[in-house]
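*Asks:* Dropping a structure here in structure tokens format, bear with me for questions.
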Amino acid sequence: MNHWYLDAVQRLSSGLEQLSEFWLLLYVLMEIIGIIFALESIFKSRTSQGAIAWALGLVFLPPLVVPIYLLFGQRRFYGYVEARRKGDLEIQRIAQRLLAEMTQHFSLPGELPAGMQLLEKLALMPFTQGNQVSLLINGDRIFSEIFAAIDRAENYILVQFYIVRDDQLGRKLLERLAKKAQQGVRVYFLYDAIGSFSLTRRFLRQCRKSGIDIQSFHTWRWFRRRRFQVNFRNHRKIVVVDGHEAYVGGANIGDEYCNAHRHLSPWRDTHLKLEGPAVQGVQLSFMEDWHWATGDVPAMNWHPAGVDGDKRVLVLPTGPADLQESCQLMFLHAINSANQRLWIVSPYFVPDESIIKALKLAVLRGVDVKVMLPGITDNRVVQLSSYAVLMSLRFSGVKAYQYREGFLHQKVVLVDDDRAYVGTANFDNRSFQLNFEITVMIRDKVFAGQVEQMLENDFLCCEELSASELEQRSLLFRATVKLAQLFSPIQ
């Protein structure tokens, strides 16, 4: 009996020793892989902050960070961008021919300040004049307008969203689109494969059965063997009807955007309704994305409807395939051009050092700089990173406010008394570097006044957030904030 017991103990000890050797070998292997990827991130990350964050995680926590890097790392960035640019070149050739027919709707160079011409270079589109622009506040108004426009469609409907859910709102959209498709209206529906990962096969089958041409946008179209890369996403939200009216803004297709989320309601969002030649700029953005997803170019109306409008509008599609960091440069220009007022509203506010310094300089110029953030959040890590940014702005004079009447999701910037930006882009690295976004800039005092009134009402639902108050919180809280800040470049 004792002999059997000793033999079992020896075998168990030997097995544990072999297992320990296996795990040690595996850890060493992961450490080597982590070091290799860390070196790669240093050479290929677009920002030094991102390179440092990846390198630290890959070297010191390789078992955890290596799988994350495989999914979200930027090492395939340049190959993807090159492929996307090649696809966009064909669209740009088409766009030049189409835009040549619209020159009578463009603002003349002498009618715009030099800074506005700079924005045209970023957008690769001109300012258009003679537009009507309407503010759509919150989900009920947004989707009642969009659904009414769909019901009016006679020729085609373009639909693009980052998130599409098979819920009550999603079914309402499907029913309306299916009805129009059965009436002979062409319906093109584009959704992001990552943002809409939960979209059901039933929803897709019913779309196709109804005659809706529904496609997913994904970044691996030309990289079939490299499906790990999911870091680039199409965050645009667009609806265009017959080339006559367009809808752009922050709301996706999900019940939470109509106040059906238990923890995040009421949901605060803002959309725009555009009529006039600016609509062609929005559908040009859709055409580029549709061509990437399918290789096709749908027939569209490129002759703007005559409307009694007086708004100058610039449509700015931005993304990782741009030759420059267009989204970040757009917001830097907005900050640097402010003389009296700069109000920023963003649910995800984690700007890099260049934006932070520009905000400090704006205050020193005497600009009233206010930042409105959500008090209730759907992403705690990003909120903690935002707190880190606010703590770094402690002595700058930038005033921060937290919205307390539900979840704040709108993306709005108001500059002085004549410029407003509304769209899909947040003030974070993802929008600056990784996402395809679309922003509409309106240069008009009357419209800016409407945005001012809207934001004044929102500020009434806010409480001021003091950086010194954050500094006085517990050591654990401040340590968590600093940890979140470390990974902010890769969030």
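Take 1 as the starting number for the sequence shown in full-length UniProt numbering and just add one per residue. Heads up, the beta-carbon is just placed ideally off N, CA and C, and yes, glycines get one too. Note that the structure is a prediction, hence the values are computed from the model and not measured.
1. Grouping DSSP H, G and I as helix and E and B as strand, with all else coil, what is F223?
2. Look at the alpha carbon of G276 and the alpha carbon of A178, and state the distance between them as a whole number of angstroms.
3. Would N138 and R268 qualify as a contact pair, given that the criterion is a beta-carbon distance under 8 Å?
4. Taking 8 Å as the cut-off, decide whether the C-beta atoms of R233 and N426 are in contact.
5. State the CB to CB distance for the pair N336 and D242, rounded to an integer number of angstroms; the pair is presumed to be in contact (CB under 8 Å).
6. Under 8 Å: do the segment 48-66 and the segment 26-37 share three or more Cβ pairs, one atom per stretch?
7. Excluding sequence positions up to five away, which residues of its chain have a Cβ less than 6 Å from the Cβ of V159?
8. Checking the sheet assignment: what are the DSSP bridge partners for W267?
9. With 16 other CB atoms within 10 Å as the buried threshold, where does H271 fall?
10. DSSP three-state label for T480, please.
11. Does the separation of the CB atoms of V133 and L316 fall below 8 Å?
12. With which residues is D192 paired in a DSSP beta bridge?
13. Residues in its own chain within less than 7 Å of A193 by CB, not counting five upstream and five downstream?
14. When you compare each of N131, Q96, L122 and M125 to A305 by their alpha carbons, which one comes out closest?
15. Looking only at its chain, what residues have a beta carbon closer than 6 Å to the beta carbon of G211, apart from the 5 residues adjacent to it on each side?
16. What number of angstroms, rounded off, separates the C-alpha of E471 from the C-alpha of S396?
17. Nearest by alpha-carbon distance to N252: which of A149, R419, A148 and S196 is it?
18. Whose C-beta lies closer than 7 Å to the C-beta of L390 among residues of the same chain, with five residues either side of it excluded?
19. Mind checking R312: buried by the 16 CB within 10 Å criterion, or exposed?
20. Out of curiosity, what's the CA-to-CA distance linking P126 and M441?
21. Taking only three categories from DSSP, how would you classify V381?
22. Confirm, please, whether the CB-CB distance from L174 to Q206 is below 8 Å.
23. Helix, strand or coil for M116, going by three-state DSSP, please let me know.
24. Thinking C-beta only, is V282 closer than 8 Å to A246?
25. Identify the residues that DSSP records as bridge partners of C462: which are they?
26. Can you tell me whether E437 is buried or exposed? The criterion is at least 16 other CB atoms within 10 Å of its CB, across all chains shown.
27. Give me the Cα-Cα distance between N457 and R419, rounded to the nearest whole angstrom.
28. Thinking just about the alpha-carbon of each residue, which of K209, L124, T424 and V367 is nearest to the one in Q410?
29. Can you have a look at K209 and say buried or exposed, based on whether 16 or more other CB atoms are within 10 angstroms of its CB?
30. Does DSSP put F228 in a helix, a strand or coil?
31. Would T444 and N339 be called neighbours here (beta carbons separated by less than 8 Å)?
*Replies:* Once the coordinates are examined:
1. Reliability of the predicted coordinates at F223 is poor, the pLDDT of 45 falling under 50, and the value obtained from them is presented with this limitation in mind. DSSP places F223 in coil when its eight states are reduced to three.
2. G276 and A178: Cα-Cα distance of roughly 27 Å.
3. In contact: N138 and R268 (Cβ atoms closer than 8 Å).
4. No; because the gap between Cβ atoms is not below 8 Å, this pair is not in contact.
5. 38 Å between Cβ atoms; not a contact.
6. Contact between the segment 48-66 and the segment 26-37 is present, because at least three Cβ pairs lie under 8 Å.
7. These residues qualify, in order along the chain: F189 and V239.
8. Paired residues: F407.
9. H271 is buried by the Cβ-count criterion.
10. It is helical.
11. It is not a contact, given that the beta carbons lie outside the stated cut-off.
12. BP columns for D192 point to F217.
13. Answer for A193: S216, F217 and H218, listed in chain order.
14. In terms of CA proximity to A305, N131 leads the group N131, Q96, L122 and M125.
15. Excluding positions up to five away in sequence, the list reads A181.
16. E471 and S396: Cα-Cα distance of roughly 15 Å.
17. It is S196.
18. A400, L465, A467 and L470, listed in sequence order.
19. Label assigned to R312: buried.
20. One C-alpha to the other measures close to 11 Å.
21. If DSSP states are grouped into helix, strand and coil, V381 belongs with the helices.
22. Taking a C-beta distance under 8 Å as the contact criterion, Q206 and L174 qualify as a contact pair.
23. Of the three classes helix, strand and coil, the one that applies to M116 here is helix, per DSSP.
24. Yes.
25. C462 pairs with Y403.
26. Buried, by the Cβ-count rule.
27. Their backbone Cα atoms lie some 19 Å apart in a straight line.
28. Checked all of K209, L124, T424 and V367; the closest Cα to Q410 is T424.
29. So K209 ends up on the exposed side.
30. For F228, the predicted structure reports a pLDDT of 46, less than 50, and the residue's modelled location is therefore unreliable. A value from the coordinates is still provided. Coil at F228, not helix or strand.
31. With the sequence shown as reference, residue 444 is identified as Asp, and Thr is not the correct amino acid for it. Between D444 and N339, the C-beta spacing is not below 8 Å.
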